[in-house]
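Only one structure is covered here, and it is reproduced in the block below.
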Amino acid sequence: LIDSQQRIKPKPAHQEAYWLNPLFRVGYKRRLEEDDMYRVLPEDASQRLGEELQRFWNQEVEQAVKDLRPPSLARALIHCYWKPYSLIGMYIFIEVERVHMKLVWSKSKER
Numbered sequence: 002l003i004d005s006q007q008r009i010k011p012k013p014a015h016q017e018a019y020w021l022n023p024l025f026r027v028g029y030k031r032r033l034e035e036d037d038m039y040r041v042l043p044e045d046a047s048q049r050l051g052e053e054l055q056r057f058w059n060q061e062v063e064q065a066v067k068d069l070r071p072p073s074l075a076r077a078l079i080h081c082y083w084k085p086y087s088l089i090g091m092y093i094f095i096e097v098e099r100v101h102m103k104l105v106w107s108k109s110k111e112r
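See below:
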């Protein structure tokens, strides 16, 4: 656990994106081309994500017509992406609480 003399230091932003350094170097030397970009996972490809969002948008438009209201892009986005973002949100919540508990524990130990 955290020693009372130890401080939690946030990582500088440049350390969080270290994997982009090779791409930054190429971009500094010349204009980036499509072949310079990293390959994405198939489930993260814009074609698939766009088609998925289009399907939810079409459903939202149909429902809006039935409900006599304008369609809502926010509603379509929420319906489309709520599952993966809720999982990420739960993970972040747990991590924040874990750090918070360490800080509370270290402060109570100082007394």
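Basically our numbering = 1-based index in the sequence shown + 1. We treat Cβ as the ideally placed atom computed from N, Cα and C, and that holds for glycine. The structure presented is a predicted model; accordingly, all values stated were derived computationally and were not measured.
Subject >> Under the three-state DSSP convention, the category residue 102 falls into >> reply: The residue given as residue 102 occupies position 101 in the sequence shown. The answer is helix: DSSP assigns residue 102 an H, G or I state.
Subject >> Identity of the residue in 33, 109 and 76 nearest residue 62 by Cα >> reply: Residue numbering aside, residue 62 sits at position 61 when the sequence shown is read from its first letter. For residue 62, the nearest C-alpha among the options comes from 76.
Original post:
residue 73 by DSSP, collapsed to three states: which one?
Top reply: Within the sequence shown, residue 73 is the residue found at index 72, counting from 1. It is coil, neither helix nor strand.
Original post:
Mind pulling the beta strand (DSSP E) runs of 3 or more residues that sit fully within the stretch 28–97?
Top reply: none
Original post:
Any idea if residue 5 is buried or exposed, counting beta-carbon neighbours within 10 angstroms, 16 or more meaning buried?
Top reply: For this step, residue 5 is matched to residue 4 along the sequence shown. Confidence in residue 5 is poor, its pLDDT being 45 and thus under 50, which makes the residue's placement too unreliable to answer from.
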